[in-house]
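*Asks:* First, the structure itself, so that you have it in front of you.
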Amino acid sequence: MPIATPKQYAAMLDAAQKGNYAYAAINITSISGINGALQAFADLKSDGIIQVSSGAGEFASGQKIKDSVLGSIVLAEACHTLAAKYNVLIALHTDHCQPGIKDSYLKNWLKSEATRLKVEMPADGSVPEAVLEAHPWLRDKKDPKAVDKSLKGGKVDSWLKPLIKETARRRAAGQANLFQSHMLDASNLPLALNMGMSQEILKECTPNEIILEVEAGVVGGKEEGMDNTDVDHSKLYTTPEDMVAVYEALNGLGRYMFAATFGNVHGHYKPGAVKLRPDILKKGQDAVVKKFGEKAAFDLVFHGGSGTPAHEIHETLGYGVIKMNIDTDTQYAFTRPIADHMFRNYEKVMKVDGEIGEKDAYDPRAYLKLAENGVAKRMGEAITDLKSDGKTIFGQA
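Okay, so the sequence shown: first residue is 46 according to our numbering, each after it adds one.
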């Protein structure tokens, strides 16, 4: 049963924290991506984490259906079935889920603010000017009369909560958890609201033995509909005070991981374009431990890991990072062999000048196998960089 049980997942994280290594967490969108990831984890004898985003779920459900919950379930079930053939433990996780004004938590907060300010909430769901005036962070930078684009939607009620409920349903039927952890990324909110929503979701996760990942601070760049390319650079660095506040808000409610930001950026950038400051993590951990003791140290998550030099990765491992996300690099590793195949076999994959091509060349399996191998190779590099190679608790817990 290589999809980790809740107990095994907790033991995985404990082992990484104690051993100063971290798990590679790869985002997947297809069976081929899953197979490439599993191949890497098995070849390097490393436990690991496979992640699904809402966009991946929508894609997996098909272009006609576009149901992120259904597609996420399909991908998770495929992982459960395929991982059972391997002798390493795999945890399943959902990636960034940002809240918006369509989600009940923010809806209720906006209503309470409108009441406090003695204004009516418009029937069309827009935000009254008085509320925007009282809370400038709600405003869109380019259109001050509108709500910030990161807040217009919201996937908590429509994606995250249904997946938690699906695990609850399965547990009631005596089945295993669908996902072992979920991420709520409420970093687009002020910290107090971020933690309020995090508390609400953690309270739903804990009875189902689900670990919650939270974020404070902002990861730059673009990913899955989030665009933080123009964000104030000071927000890319979580402060020690923020880290203490996160601990105070969530301690005792259940197990969680914390994505503190230290200059991280999603996507791939040229050397020197991104200024990582891993010392931010150390300062934050030190502040928390000083106030609450050694046991208060966070299980930290490194976002935007693609393209990061090994020496910077290694530094973070000493500060409590136990999970590093990798997506952009593995997307490229998947696509590059396909592009190479197409260029090398142009006349075979295309019907040109009356020719009929060659079926063996345009059979999707021919190039998807290459893509799987590309993912496995890049994941192998990440596993080695994170020092989890040869480290599995399969059969121990």
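We put the CB at the ideal spot given by N, CA and C, even for glycine. Small disclaimer: the values here were computed from a predicted structure and weren't measured.
#1: Who are F307's beta bridge partners in DSSP?
#2: Considering only their Cβ atoms, is the gap separating F224 from A56 smaller than 8 Å?
#3: Under the three-state reduction of DSSP, which class applies to H359: helix, strand or coil?
#4: Could you compute how far the alpha carbon of K35 sits from the alpha carbon of D92?
#5: My guess is that V259 and L229 are in contact by the Cβ rule of under 8 Å, so how many angstroms apart are they, rounded?
#6: In or out: D344 buried (at least 16 other Cβ within 10 Å) or exposed?
#7: Could you give the residue range of the beta strand (DSSP E) that holds L345?
#8: State the DSSP-derived secondary structure class of M395, mapped to helix, strand or coil.
#9: For G299 versus C250, is the C-beta spacing smaller than 8 Å?
#10: Can you say whether D398 is buried or exposed, counting buried as having 16 or more other CB atoms within 10 angstroms of its CB?
#11: Would you identify the three-state DSSP class for T139, choosing helix, strand or coil?
#12: List, from N- to C-terminal side, the beta strand (DSSP E) runs of 3 residues or more that fit wholly inside the segment 63-133.
#13: Taking contact to mean 3 or more Cβ pairs, one atom from each stretch, closer than 8 Å, check whether the segment 348-358 and the segment 369-382 are in contact.
#14: What residues match up with A261 in a beta bridge as DSSP calls it?
#15: Do K327 and Y364 come within 8 Å of each other at the CB atom, strictly closer than that value?
#16: According to DSSP, simplified to helix, strand and coil, what is S243?
#17: Out of S203, K152 and C124, state which residue places its alpha-carbon closest to the alpha-carbon of V133.
#18: Indicate whether N239 and I209 have their beta-carbon atoms separated by less than 8 Å.
#19: Quick check on the burial criterion: 16 or more other C-beta atoms within 10 angstroms. Buried or exposed for K63?
#20: Enumerate in chain order the residues of its own chain whose CB-to-CB distance from Q244 is below 8 Å, with the five nearest sequence positions on each side excluded.
#21: Would you identify the three-state DSSP class for V164, choosing helix, strand or coil?
#22: Relative to the alpha-carbon of K248, which residue among H227, P235 and A261 has its alpha-carbon at the smallest distance?
#23: Taking the alpha-carbon positions, what's the V201 to G145 distance?
#24: From this set, P51, A61, I73 and K52, which residue's C-alpha is nearest A421's C-alpha?
#25: Output yes or no for whether 8 Å exceeds the beta carbon distance between Y301 and L234.
#26: Spell out a yes or no on whether the segment 165-178 and the segment 103-116 are touching, meaning 3 or more CB-CB pairs, one atom from each, closer than 8 Å.
#27: Less than 8 Å between the beta carbons of A70 and M424, yes or no?
#28: Sort out for me which residues DSSP pairs V366 with in a bridge.
#29: Consult DSSP for H227 and reduce its assignment to one of helix, strand or coil.
#30: Could you tell me the distance, in whole angstroms, from the CA atom of P207 to the CA atom of R216?
#31: Short of 6 Å in beta carbon distance, which residues of its chain neighbour L89, apart from the five on each side in sequence? Order them along the chain.
#32: Is R410 a contact residue of the ligand HEM, with contact defined as CB to any heavy atom under 7 Å?
#33: Would you call A129 buried or exposed, if buried means 16 or more other Cβ atoms sit within 10 Å of its Cβ?
*Replies:* Result, derived from the coordinates:
#1: Per DSSP, the beta bridge partners of F307 are Y282.
#2: Their beta carbons are not under 8 Å apart, which means A56 does not touch F224 by this criterion.
#3: Here H359 sits in helix by DSSP.
#4: Given that the chain is displayed from residue 46 to residue 442, the structure contains no residue 35 and the question cannot be resolved.
#5: Between L229 and V259 the Cβ distance is about 6 Å, and since that is below 8 Å, they are a contact.
#6: Label assigned to D344: buried.
#7: Segment L345 to F347, the beta strand (DSSP E) holding L345.
#8: In the three-state reduction of the DSSP assignment, M395 falls in the coil class, being assigned neither a helical nor a strand state.
#9: The beta carbons of G299 and C250 sit closer together than 8 Å.
#10: Looking at its Cβ environment, which holds fewer than 16 other Cβ atoms inside 10 Å, D398 is exposed.
#11: Strand at T139.
#12: If we require 3 residues or more, the beta strand (DSSP E) runs fully inside the segment 63-133 come out as 68-72 and 93-97.
#13: By the Cβ test, the segment 348-358 is in contact with the segment 369-382, since at least three Cβ pairs between them sit closer than 8 Å.
#14: Note: A261 sits in a beta bridge opposite A305.
#15: Yes.
#16: Helix at S243.
#17: Among S203, K152 and C124, the Cα nearest to that of V133 belongs to C124.
#18: Not a contact, by the Cβ cut-off of 8 Å.
#19: K63 sits exposed, since fewer than 16 C-beta atoms from the chains shown fall within 10 Å of its C-beta.
#20: Here the set comprises A294, L295 and L298.
#21: V164: coil per DSSP, three-state reduction.
#22: Of H227, P235 and A261, the residue nearest in Cα terms is H227.
#23: Between V201 and G145, the C-alpha separation is close to 8 Å.
#24: The shortest Cα separation from A421 among P51, A61, I73 and K52 belongs to I73.
#25: The beta carbons of Y301 and L234 sit no closer together than 8 Å.
#26: At 8 Å Cβ cutoff, the stretches do not touch.
#27: For A70 and M424, no; Cβs fall outside 8 Å.
#28: According to DSSP, V366 shares a beta bridge with L345.
#29: Per DSSP, reduced to three states, the secondary structure at H227 is strand.
#30: Each residue's Cα considered, the two are about 14 Å apart.
#31: The residues are G425, I428 and D434.
#32: As presented, the structure is devoid of all ligands, the ligand HEM included, so that no description of it is given.
#33: It is exposed - the Cβ of A129 has fewer than 16 other Cβ atoms within 10 Å.
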